[in-house]
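Order-wise, the sequence lines are chains A and B. Be aware that the first sequence starts at 1, since it is given in this note's numbering, and climbs by one per residue. Be aware that the second sequence starts at 1001, since it is given in this note's numbering, and climbs by one per residue. Cβ atoms here follow ideal geometry from the backbone N, Cα and C, with glycine treated the same way.
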Amino acid sequence: MRRAGFRLAAALAALVALAFLLLPVVAIFLRVSPGELLNRLDDSVVVDALAVTAKTNGIAFALTLLLGTPAAYLIATQRFPGRALAITLTELPLVLPPAVAGIGLLAAFGRLGLLGGTFDALGLRLGFTQAAVVLAVLFVAGPFYLRQAIAAFEAVDPTMLAAARTLGAGPGRTFLRVALPLAASGLGAGAALSLARGIGEFGATIMFAGSLQGVTQTFSLAIYAQFDVDFTRALALGALLVLVSAAVLLAIKAIPAWRSRSTSPFLVAPSSSR
Amino acid sequence: MALSLDIAVPRRSFELALALEVGPETLALVGPSGAGKTSVLHAVAGLLRPARGRVALDGGTLFDSEEGIDLPPERRRIGLVFQEYALFPHLSVEANVGFGGRERAPELLERFRIAHLAKARPGELSGGERQRVALARALARDPAILLLDEPMAALDAHTRTAVRAELQELLGELGLPTLLVTHDFEDASALADRVGVIADGRLLQLGRPDELVAAPSDAFVAGFTGGNLLHGFARPTREGLTEVVLDGGAVVFSTDRAEGRVGVVVYPWEVSIAHAAAADSALNHVSAPISSLVTLGNRVRVRVGPLVGEVTTASAERLELERGKIVVASFKATGARLVPLRDETHRTPV
């Protein structure tokens, strides 16, 4: 009798929690009909936000993969003094409040910041440009990939890398043909997570890049800018962003299923500092 | 000499120091796990840097601590087969073999009878097939020497004998200098022309398998090659024999000469089992209940007191051997070899 009571209470708690998490998402779609959503696709604010988001995130994502993958491989496979510190530093932006990230970026790259003078001399103005959006996304979302990639490379059996070397492959070929494919599922999960975080980036971007329609106004910023101007438009933007996020989430869940059976899929495996 | 090495590799509790020459032959290093066997192979392959020493292959220097030479693994002509084979799980058999050298892959797939598995992933293969793929892959690079790390360890007991025979045949066909390490003396003696016993980072004895059995240099080698090892105190007798009072109190005789603390080595195939001490030429008899019986194919290992003897299954049935039955285990004085004990606290041989 008491056991049944406990199970009932637990089920109720689960129900309340799920309903609470789902309600805001459901509410957006109840307020915006699919027809309305399609109509908004040629609204200039929506189109501009879509373009800015796609472009800045595309560049930031590519840079994340290009810089993050070799960096993560190095950190995961090499033993060097200060390695544990390096790993901790890559994780710092994960716990930094976005407002702090924004002010930090301004202090470093802003016109009056640490490197502002250097950039000025080179004729570069970062503040309130799309480059600033890219930097903000890189700083906030990049570590999600880096951290996951380190864990993924650490999980690759070192014997596999040693085997490749004894078979005549240099370090470069070993990385491309053995380490990369074996870490692929972990890298994919990290990439998807980082992309999702980047698309949703708000705090650091609005402080460092501002919210200029067609220039720096990403999807998240457009929702904020529109919600006291045109609430329906804000809702439509929100609905679109939910769809994008859902697609990313599905991709994360699907990757381990179709990717290499040999490496274990992990979404948030801790990167052990040995 | 194809390979010559003289290296020192510091390990956690000891330093591995080994000098070795491998000619056109198969040489096996045997020793208990943790003896540093794998380190030797890795040092030759370039995966581990010795603290000092020299490694040379076909006259070319691979490593020399004094001259500061240390070729990376990809520049050494070495085929290393890892203990668990280390096949790339994301590549097909064909791609695994081709990783070492694409030109030779088709020929090797044929030769190792794995051509029909070309498209399969390593995860779908049996232990024996995996070993053949690993060997083919290591050979695809056209190495000057083959290194095998515990080639039998990844196999289950019932495929072992067959795979060992197959490997033996293959190594013979290849005619490639081969250095293999194993913890199993039986595997080593079946596969290798010469066997070196290493323990605690030292090469204790190197010779043909039958030489090691016939004249083990010390108690550890004797135990490792499968002999019974009894401890006792030796003194000469008037008849020119040596009498050894075992620690348990029993007395045995040997034709070897020794005095003081010794190990008495008796190989299982020199122990005969009977219901009563026979009036034959065997001088040594141990009467005790049978404490265990293990059947190994057509042989039965019988443990009587401190001794393990081997008899045929037919004899075991004829004598109606069973646990607890009191029997007499006998061996001749010529079958009792006396060896020095390195130290009394030494680990028990496996």
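Quick one: measure Cβ to Cβ for B:Leu1005 and B:Ala1019, integer angstroms, because I've assumed they're closer than 8 Å. Locating residue 1005 of chain B in the second sequence gives position 5, where the first residue counts as 1. Locating residue 1019 of chain B in the second sequence gives position 19, where the first residue counts as 1. Cβ atoms of B:Leu1005 and B:Ala1019 come within 8 Å of each other, at about 7 Å.
Once you ignore the five residues that flank B:Ala1262 on each side, which residues in its own chain have a CB closer than 6 Å to its CB? If you number the second sequence from 1, residue 1262 of chain B lands on position 262. It is Val, not Ala, that sits at residue 1262 of chain B in the sequence shown. Closer than 6 Å at Cβ, skipping near neighbours: Ala1234, Leu1338.
Would you list the residues sitting across from B:Ser1254 in a DSSP beta bridge? Sequence index remark: in the second sequence, residue 1254 of chain B carries index 254 (1-based). Residue pairing by DSSP places B:Ser1254 opposite B:Thr1242 in a beta bridge.
Kindly say whether B:Phe1063, judged by its beta-carbon, lies nearer than 9 Å to any beta-carbon of chain A. Against the second sequence, residue 1063 of chain B aligns to sequence position 63. B:Phe1063 does not count as touching chain A.
Could you check if B:Arg1132 is buried or exposed, using at least 16 other CB atoms within 10 Å of its CB as the buried criterion? Locating residue 1132 of chain B in the second sequence gives position 132, where the first residue counts as 1. Residue environment analysis places B:Arg1132 among the buried positions, since at least 16 neighbouring C-beta atoms fall within 10 angstroms of its C-beta.
Closer than 9 Å, CB to CB, is B:Ile1007 near chain A or not? Here residue 1007 of chain B corresponds to residue number 7 of the second sequence, with the count starting at 1. For B:Ile1007, the nearest beta carbon of chain A is not closer than 9 Å to its own beta carbon.
Would you mind working out which of B:Leu1155, B:Glu1270, B:Ile1078 sits nearest B:Phe1331, comparing C-alpha positions? Counting from one through the second sequence, the residue named residue 1331 of chain B turns up at place 331. Among B:Leu1155, B:Glu1270, B:Ile1078, the Cα nearest to that of B:Phe1331 belongs to B:Glu1270.
Using a C-beta to C-beta distance shorter than 7 Å, which residues of chain B count as neighbours of A:Pro181? If you number the first sequence from 1, residue 181 of chain A lands on position 181. Per Cβ cutoff of 7 Å: His1090.
Close Cβ partners of B:Arg1299 (< 8 Å) along its chain, the five nearest in sequence each way excluded: Stepping through the second sequence from its first residue, residue 1299 of chain B is reached at position 299. The answer, listed in chain order, is Glu1310, Val1311, Thr1312, Thr1313.
Does the stretch 1065 to 1085 of chain B come within contact of the stretch 1144 to 1157 of chain B, defined as at least 3 CB pairs closer than 8 Å? By the Cβ test, the stretch 1065 to 1085 of chain B is in contact with the stretch 1144 to 1157 of chain B, since at least three Cβ pairs between them sit closer than 8 Å.
Quick one: what's got a C-beta closer than 8 Å to B:His1346's C-beta in the same chain, skipping five residues either side? For the purposes of this step, residue 1346 of chain B is identified with residue 346 of the second sequence, where counting begins at 1. Per-residue confidence for B:His1346 stands at a pLDDT of 44, beneath the threshold of 50, marking its modelled position as unreliable; no derived number is given.
Any C-beta of chain B under 9 Å from that of A:Val167: The residue given as residue 167 of chain A occupies position 167 in the first sequence. Reading off the sequence shown, one finds Leu at residue 167 of chain A, where the question assumed Val. Closer than 9 Å: yes.
With 16 other Cβ atoms within 10 Å as the buried cut-off, status of B:His1116: If you number the second sequence from 1, residue 1116 of chain B lands on position 116. Using a 10 angstroms sphere on the CB of B:His1116, the tally of other CB atoms stays under 16, which defines it as exposed.
Between the CA atoms of B:Val1040 and B:Pro1143 - distance to the nearest angstrom: Position 143 of the second sequence holds residue 1143 of chain B. Position 40 of the second sequence holds residue 1040 of chain B. Going from the Cα of B:Pro1143 to the Cα of B:Val1040 covers about 17 Å.
On the three-state DSSP scale, how would you describe B:Arg1011? The sequence position of residue 1011 of chain B within the second sequence is 11, counting from 1. Under the three-state reduction of DSSP, B:Arg1011 is assigned to coil, being neither helix nor strand.
Tell me, please, which residues DSSP counts as bridged to B:Val1294. In the second sequence, counting from the first residue as 1, residue 1294 of chain B sits at position 294. The partner list for B:Val1294 (beta bridge, DSSP) reads B:Arg1301.
Can you pull the DSSP bridge partners for B:Ser1287? Mapped onto the second sequence, residue 1287 of chain B falls at position 287. Looking at the DSSP assignment, B:Ser1287 forms a beta bridge with B:Val1328.
Which of the residues in the stretch 1116 to 1129 of chain B, read from start to end, lie with their CB under 8 Å from any CB of chain A? Of all residues in the stretch 1116 to 1129 of chain B, the ones placed with a Cβ closer than 8 Å to any Cβ belonging to chain A are Gly1123, in chain order.
Which complete alpha helix (DSSP H) runs does the stretch 139 to 211 of chain A hold, if anything under 4 residues is left out? With a minimum length of 4 residues, the continuous alpha helix (DSSP H) runs that stay inside the stretch 139 to 211 of chain A are 158 to 166, 171 to 174, 180 to 199, 203 to 208.
Based on Cα-Cα distance, which residue from A:Ile75, A:Phe139, A:Gly117, A:Phe128 lies nearest to A:Thr64? The residue you call residue 64 of chain A lines up with position 64 of the first sequence. Per the Cα distances, A:Phe139.
Beta-carbon separation of B:Thr1026 and B:Pro1177 under 9 Å? Position 26 of the second sequence, counted from the first residue, corresponds to residue 1026 of chain B. Position 177 of the second sequence, counted from the first residue, corresponds to residue 1177 of chain B. Result yes, Cβ atoms of B:Thr1026 and B:Pro1177 sit closer than 9 Å.
Three-state secondary structure assigned by DSSP to B:Asp1351: Missing from the structure shown is residue 1351 of chain B; chain B here goes from 1001 to 1350 and no further.
B:Ser1326 classed as buried or exposed, judged by whether at least 16 other C-beta atoms fall within 10 angstroms: In the second sequence, residue 1326 of chain B corresponds to position 326, counting from 1. The sequence shown places Ile at residue 1326 of chain B, not Ser. It counts as exposed.
Restricting to Cα atoms, I'd like to know which of B:Leu1283, B:Gly1297, B:Asp1280, B:Val1308 is closest to B:Pro1289. Taking the first residue of the second sequence as position 1, residue 1289 of chain B is located at position 289. Minimum Cα distance to B:Pro1289 is reached at B:Val1308.
Establish whether the CB of B:Phe1099 and some CB of chain A are separated by less than 9 Å. Position 99 of the second sequence, counting from 1, holds the residue named residue 1099 of chain B. Output row for B:Phe1099: interface = yes.
Contact list for A:Gly170 against chain B, beta-carbon separation under 7 Å: Here residue 170 of chain A corresponds to residue number 170 of the first sequence, with the count starting at 1. By Cβ distance, chain B contributes Glu1074.
Interface positions of the stretch 1039 to 1052 of chain B facing chain A (Cβ-Cβ less than 7 Å), listed along the chain: Within the stretch 1039 to 1052 of chain B, the residues whose Cβ lies closer than 7 Å to some Cβ of chain A are Ala1045, Leu1047, listed in chain order.
How big is the Cα-Cα spacing for B:Gly1100 and A:Arg177? Here residue 1100 of chain B corresponds to residue number 100 of the second sequence, with the count starting at 1. Here residue 177 of chain A corresponds to residue number 177 of the first sequence, with the count starting at 1. Spanning the alpha carbons of B:Gly1100 and A:Arg177 requires a straight line of approximately 12 Å.
At which residues does the alpha helix (DSSP H) containing B:Ser1217 begin and terminate? For this step, residue 1217 of chain B is matched to residue 217 along the second sequence. According to the DSSP assignment, B:Ser1217 belongs to no alpha helix (DSSP H), since it is labelled neither H nor E.
For chain A, find out if any of its Cβ atoms is closer than 9 Å to the Cβ of B:Arg1141; answer yes or no. The residue labelled residue 1141 of chain B in the question sits at position 141 within the second sequence. For B:Arg1141, the answer is yes, since a Cβ of chain A falls inside 9 Å of its Cβ.
Against A:Val178, what residues of chain B qualify as contacts under a CB-to-CB distance less than 7 Å, listed in chain order? Position 178 of the first sequence, counting from 1, holds the residue named residue 178 of chain A. In chain order: Phe1088.
Does B:Ala1157 come out as helix, strand or coil in the three-state DSSP assignment? Taking the second sequence and counting its residues from 1, one reaches residue 1157 of chain B at position 157. Three-state DSSP puts B:Ala1157 in a helix.
With 9 Å set as the bound, which would you pick, yes or no: does the beta-carbon of A:Ala76 sit closer than that to a beta-carbon of chain B? Translated into positions along the first sequence, residue 76 of chain A becomes position 76. No, because no Cβ of chain B sits closer than 9 Å to the Cβ of A:Ala76.
Output, in sequence order along the chain, the residues in the stretch 1301 to 1316 of chain B whose CB is closer than 9 Å to any CB in chain A. Of all residues in the stretch 1301 to 1316 of chain B, none has a Cβ within less than 9 Å of some Cβ in chain A.
Using a cut-off of 8 Å between C-beta atoms, extract the partners of A:Ala152 located in chain B. Along the first sequence, read from residue 1 onward, the residue named residue 152 of chain A stands at position 152. Within chain B, no residue comes near A:Ala152; the closest Cβ sits about 14 Å away, beyond 8 Å.
Determine the chain A residues that contact B:Ile1078 at a beta-carbon separation under 9 Å, and present them in chain order. On the second sequence, position 78 is the one that residue 1078 of chain B refers to. Thr166, listed in chain order.
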